[in-house]
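Trainee: Taking this note's numbering, the leading residue of the sequence shown gets 23, the next gets one more, and so forth.
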Amino acid sequence: MNLGGIYQELGDLDQALEATHKSLELNADNAYAHMNLGTIFKQLGSLDKALDATIKSLKLKADNADAYMNLGSIFQELGHLDKALDATLKSLDLKVDNGNAHMNLGSIYQELGCLDQALDATLKALELQPDNRDAAYQKGVILYVLNRFGEALHGFEEVIRLKAMDAEEDKKALSYKGRCLLKMGERIEEGYRMMRKNEGFVRFSYHSDSPGFN
């Protein structure tokens, strides 16, 4: 891993940005450095700069599946869902066994309202990455929206088993678990208790990224 990637993993995005710029000063045609620059800008919230860097990376290396996946994620955050879909499908054309790209595809289909396709893509992601907590959560949300509350309940229980990155993620899964119980008319008191304790979560919209994003 290069120095910029190390700083990025440590969460020091300013140093990661500086190190990656220095790398590009030494080799302006380094496609991977441009891709990493895009991931750093995305984490910093500079989506236009992230987009420019990622497109530059793809001009230098047009067969980079991770860069196409990142491009799809950026387009999704910008609200350009058709472009996000095209980029993510291109990523999967180049690397069909990329679990993160299948999860992104599911997220895009979910936003487009294509729930059956969203579920299929998310299940494929979990087939490739059984311990992917974000994909498990995404599956639960899609099943809930499809009114398949029993399956959604089991999905959120799996999310909780896999543990959260932080307390807020646990609150989301527990709140949905409570909602499932209420919708099913089972363990009503437990469902209300979960809802009261974990209320206030926001709607899930996951944007996974290549290892450079983290």
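Cβ atoms here follow ideal geometry from the backbone N, Cα and C, with glycine treated the same way.
Apart from the five residues just before and just after ASN220, which ones in its own chain have a Cβ nearer than 6 Å to its Cβ?
Mentor: Position 198 of the sequence shown, counted from the first residue, corresponds to residue 220. Result list for ASN220: LYS193, LEU196 and SER197, in chain order.
Trainee: For ALA75, which option in ALA55, GLY67, LEU66 and GLN98 has the closest C-alpha, if you only look at C-alpha atoms?
Mentor: If you number the sequence shown from 1, residue 75 lands on position 53. If we check each option's Cα against that of ALA75, ALA55 comes out closest.
Trainee: Using 10 angstroms around the beta-carbon of LYS81, count the other beta-carbons present and answer buried if the total reaches 16, otherwise exposed.
Mentor: Your numbering for residue 81 matches position 59 in the sequence shown. Looking at its Cβ environment, which holds fewer than 16 other Cβ atoms inside 10 Å, LYS81 is exposed.
Trainee: Just tell me which of ILE210, ASP85 and PHE97 has its CA closest to the CA of LEU73.
Mentor: Residue numbering aside, residue 73 sits at position 51 when the sequence shown is read from its first letter. Out of ILE210, ASP85 and PHE97, PHE97 has the C-alpha closest to the C-alpha of LEU73.
Trainee: By the 10 Å Cβ neighbour count, where 16 or more other Cβ atoms means buried, how is TYR214 classified, buried or exposed?
Mentor: For the purposes of this step, residue 214 is taken as the residue at position 192 of the sequence shown. Exposed.
Trainee: Taking the alpha helix (DSSP H) that ARG183 belongs to, which residues open and close that run?
Mentor: By 1-based counting over the sequence shown, the position of residue 183 is 161. Here the alpha helix (DSSP H) through ARG183 covers 171-184.
Trainee: Which same chain residues, not among the five before or five after LEU141, have their C-beta less than 8 Å away from its C-beta?
Mentor: On the sequence shown, residue 141 is found 119 positions in, with the first residue counted as 1. The residues are GLY128, LYS161, ILE164, LEU165 and LEU168.
Trainee: Please report the distance separating the alpha-carbon of ASP153 from that of LEU184.
Mentor: The sequence position of residue 153 within the sequence shown is 131, counting from 1. The sequence position of residue 184 within the sequence shown is 162, counting from 1. Whole-angstrom Cα-Cα distance: 7 Å.
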